[in-house]
Amino acid sequence: MRIASFALFAALAAPAWAQESGPSAAEVPPPPPIIEGDEVEPEVTILKRGEDTVEEFRVNGRLYMIKVTPPHGVPYYLVDRRGEGQLERMDTLEPGTSVPMWVLKRW
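Just so we're aligned, residue 85 is where the sequence shown starts under the numbering used here, counting upward by one.
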């Protein structure tokens with residue numbers, strides 16, 4: 085009976101002994117450093133052309149959108165949707181359907 089009890093105890097306790105302790109709260113690794121030069125937010129340049137206010141939006145130095153606000157009227161947008169440098173006029177930033185055109189890798 086003692087051998088059976090010992091075998092049962094060993095079978096139940098063996099996984100607890102084999103388990104490695106995980107990192108404690110004091111051993112949490114530091115976050116990765118922020119790489120200099122990565123632009124997280126777009127660079128916005130506000131210009132006054134005649135009576136219109138023009139806002140240019142750039143990411144990594146590339147112009148992707150212009151917002152033109154006339155003194156009397158509704159603002160409109162010129163958007164480079166394909167990244168080719170061709171700006172298309174849009175009255176709102178929410179077209180009916182817009183296909184995502186992300187750059188995954190550039191070399």
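We put the beta carbon where it would ideally sit given N, CA and C, even for glycine.
May I ask you to report which of helix, strand or coil DSSP gives A94? helix
Who pairs with M147 in a beta bridge, going by DSSP? It is worth fixing the name first, because residue 147 is Leu in this sequence and not Met. Answer is R142.
Just the Cα atoms here: how many angstroms apart are W186 and P115? 27 Å
Please state whether the Cβ-Cβ distance between K151 and E135 is less than 9 Å. no
With DSSP as the reference, identify every bridge partner of I130, one or two as the case may be. E139
Do you know how far the Cα of D164 is from the Cα of T176? 14 Å
Limits of the unbroken beta strand (DSSP E) element including M174: 172–174
Give the range of the beta strand (DSSP E) segment to which L177 is assigned. It is not in any beta strand (DSSP E) - L177 carries neither H nor E in the DSSP assignment.
Of the residues F141, L92, R142, M149, which one's Cα is nearest the Cα of E172? M149
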